[in-house]
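**Q** The numbering of the sequence shown is the UniProt record's numbering, which starts it at 1 and goes up by one.
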Amino acid sequence: MIYNKKSILKYTVNILLIILITVVIFKYKKHLHCVNIENIKIYIQSYGRLSVLIFLLIYMLRPVVFVIPASLMSIIAGNIFNYYVAVLLSMIGCFGSATIAFFLARFLGRSFVDKYLKGKALKLNKNIEKYGFKIMTMMRLCFIFPYDPLSYSAGLTKIKYKDFILGTLIGVFPEIIAYSLMGKHLESPFSLKFIIPVIILFIIAFSSIYIYKKHKSTSIYK
Numbered sequence: 001m002i003y004n005k006k007s008i009l010k011y012t013v014n015i016l017l018i019i020l021i022t023v024v025i026f027k028y029k030k031h032l033h034c035v036n037i038e039n040i041k042i043y044i045q046s047y048g049r050l051s052v053l054i055f056l057l058i059y060m061l062r063p064v065v066f067v068i069p070a071s072l073m074s075i076i077a078g079n080i081f082n083y084y085v086a087v088l089l090s091m092i093g094c095f096g097s098a099t100i101a102f103f104l105a106r107f108l109g110r111s112f113v114d115k116y117l118k119g120k121a122l123k124l125n126k127n128i129e130k131y132g133f134k135i136m137t138m139m140r141l142c143f144i145f146p147y148d149p150l151s152y153s154a155g156l157t158k159i160k161y162k163d164f165i166l167g168t169l170i171g172v173f174p175e176i177i178a179y180s181l182m183g184k185h186l187e188s189p190f191s192l193k194f195i196i197p198v199i200i201l202f203i204i205a206f207s208s209i210y211i212y213k214k215h216k217s218t219s220i221y222k
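1) Evaluate V87 with the Cβ neighbour count: other Cβ atoms within 10 Å of its Cβ, from every protein chain shown; 16 or more gives buried, anything less gives exposed.
2) So what does DSSP say about I159, is it helix, strand or coil?
3) Going by CA-CA distance only, name the one from V52, F164, I203 and F173 that's closest to residue 227.
4) I'd like to know whether the C-beta atoms of A70 and S97 end up nearer to each other than 8 angstroms.
5) Suppose the cutoff is 6 angstroms on Cβ atoms and the five residues either side in sequence are ignored; what does the same chain contact list for I200 look like?
6) With three or more beta-carbon pairs closer than 8 angstroms as the criterion, would you say the region 193–210 touches the region 104–123?
7) Ordered along the chain, which non-local residues of its own chain (more than five positions away) have a Cβ less than 6 angstroms from that of M73?
8) Taking 6 angstroms as the limit between beta carbons, can you name the residues of its chain near S151, skipping five residues before and five after?
9) Which runs of the alpha helix (DSSP H) spanning at least 4 residues fall entirely within the UniProt domain "VTT" (68–184), listed in chain order?
10) In whole angstroms, give me the CA-to-CA distance for N36 and G132.
11) CB E129 to CB K158, shorter than 8 angstroms?
12) For P149, which residues in the same chain have their Cβ closer than 8 angstroms to its Cβ, ignoring the five residues on either side in sequence?
13) Excluding the five sequence neighbours on either side, which residues of its own chain have a C-beta within less than 6 angstroms of the C-beta of R62, listed in chain order?
14) Suppose you measure from the CA of F107 to the CA of G155; what does that come to, to the nearest Å?
15) Which two residues bound the contiguous alpha helix (DSSP H) that contains L50?
16) Using only CA atoms, which one of N79, V52 and R110 lies nearest to L89?
17) In whole angstroms, what is the alpha-carbon distance linking F196 and Y47?
18) By how many angstroms is the C-alpha of I135 removed from the C-alpha of C142?
19) What are the boundary residues of the alpha helix (DSSP H) that includes N39?
20) Helix, strand or coil for P189, going by three-state DSSP, please let me know.
21) Where does K41 land, buried or exposed, given buried means 16+ other C-beta within 10 angstroms?
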């Protein structure tokens with residue numbers, strides 16, 4: 001059987017991913033069964049001056065080897081770091097994790113995504129190539145679309161990377177602001193400073209869902 005360069009590269013990437021996931025599972029298996037804010041926070045802070053780099057590494061590799069929601073990472077950032085630093089780090093982490101998932105899907109194809117997501121890949125409309133930025137921004141603003149499956153699913157379409165990543169960053173920015181505020185006031189969950197960001201999140205989510213459903217029948221979303 002003759003293998004072209006692309007197929008050899010795909011097999012190589014698959015093997016490297018399997019090795020990476022295996023190493024992470026064996027190295028951090030005692031932490032994986034108890035993933036929560038406090039444990040992740042303690043782990044990141046244990047690296048001292050390197051905590052920023054460790055946070056970004058976990059955030060960016062999250063879609064591949066860690067079972068940690070993006071929202072949880074943003075809350076942790078708000079709790080550990082200065083508020084503005086937390087927002088910046090979450091945006092960088094979001095950029096990195098979305099990019100990795102997008103290009104893994106684009107490079108390795110549907111078979112990889114279907115196996116990795118266990119058949120939970122999202123079916124995106126045909127016009128995403130033409131209206132990618134608008135569609136991606138709206139979908140990111142809605143909480144009904146899971147963050148990582150959406151990144152993987154977008155990689156399977158013909159959407160331009162520029163439209164995908166810009167729509168992603170703009171769409172998640174409001175929620176990252178809110179999650180960072182929640183993290184900052186995590187120790188006082190019944191205070192107005194914690195409750196207001198939660199209310200803002202719900203307003204953004206329901207408004208976006210309403211707009212998305214209202215325009216779903218238009219040519220952009222068909």
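Backbone N, C-alpha and C fix where the C-beta goes; we use that ideal spot for every residue, glycine too.
**A** Concretely, from the data shown:
1) Counting from 1 along the sequence shown, the entry for residue 87 is found at position 87. Within a 10 Å sphere around the beta-carbon of V87 sit 16 or more other beta-carbons, which makes this residue buried.
2) Working through the sequence shown from its first residue, we reach residue 159 at position 159. Per DSSP, reduced to three states, the secondary structure at I159 is coil, with no helix or strand assignment.
3) Within the shown structure, residues of the chain are numbered from 1 to 222, placing residue 227 beyond reach of any answer.
4) On the sequence shown, position 70 is the one that residue 70 refers to. On the sequence shown, position 97 is the one that residue 97 refers to. For A70 and S97, yes; Cβs fall inside 8 angstroms.
5) In the sequence shown, the residue the question calls residue 200 occupies position 200. Within its own chain, the residues whose Cβ lies closer than 6 angstroms to the Cβ of I200, once the five positions on either side in sequence are excluded, are A178, listed in chain order.
6) As far as the Cβ criterion goes, the region 193–210 does not touch the region 104–123, which means the pair count is below three.
7) Against the sequence shown, residue 73 aligns to sequence position 73. Cβ within range, chain order: Y59.
8) Taking the sequence shown and counting its residues from 1, one reaches residue 151 at position 151. Within the same chain, Cβ atoms closer than 6 angstroms to the Cβ of S151 are found at A98, A101 and F102, the five residues on either side in sequence being excluded.
9) Counting whole runs of 4 or more residues, the UniProt domain "VTT" (68–184) contains the alpha helix (DSSP H) stretches 70–80, 83–108, 110–116, 132–141, 147–155 and 161–184.
10) In the sequence shown, counting from the first residue as 1, residue 36 sits at position 36. In the sequence shown, counting from the first residue as 1, residue 132 sits at position 132. Rounded to the nearest angstrom, the two C-alpha atoms are 34 angstroms apart.
11) Along the sequence shown, read from residue 1 onward, the residue named residue 129 stands at position 129. Along the sequence shown, read from residue 1 onward, the residue named residue 158 stands at position 158. Contact flag set, yes.
12) Locating residue 149 in the sequence shown gives position 149, counting from the first residue. The residues are L117, K120, A121 and L122.
13) Counted from its first residue, the sequence shown places residue 62 at position 62. Once the five neighbours on either side are set aside, the close Cβ partners of R62 are I68 and S97.
14) As a first step, residue 107 is located in the sequence shown; it is residue number 107 there, counting from the start. As a first step, residue 155 is located in the sequence shown; it is residue number 155 there, counting from the start. One C-alpha to the other measures close to 8 angstroms.
15) Here residue 50 refers to the residue found at position 50 of the sequence shown. For L50, no alpha helix (DSSP H) encloses it, and the DSSP letter there is neither H nor E.
16) Sequence index remark: in the sequence shown, residue 89 carries index 89 (1-based). Taking L89 as reference, the option from N79, V52 and R110 with the minimal CA-CA separation is V52.
17) For the purposes of this step, residue 196 is taken as the residue at position 196 of the sequence shown. For the purposes of this step, residue 47 is taken as the residue at position 47 of the sequence shown. At residue 196 the sequence reads Ile, which differs from the Phe that was named. Going from the Cα of I196 to the Cα of Y47 covers about 32 angstroms.
18) Walking along the sequence shown from the start, residue 142 turns up at place 142. Walking along the sequence shown from the start, residue 135 turns up at place 135. Across the structure, C142 and I135 are spaced so that their CA atoms are roughly 11 angstroms apart.
19) By 1-based counting over the sequence shown, the position of residue 39 is 39. Taken as a continuous stretch (DSSP letters only), the alpha helix (DSSP H) holding N39 covers I37 to Q45.
20) Stepping through the sequence shown from its first residue, residue 189 is reached at position 189. If DSSP states are grouped into helix, strand and coil, P189 belongs with coil.
21) As a first step, residue 41 is located in the sequence shown; it is residue number 41 there, counting from the start. K41 is buried by the Cβ-count criterion.
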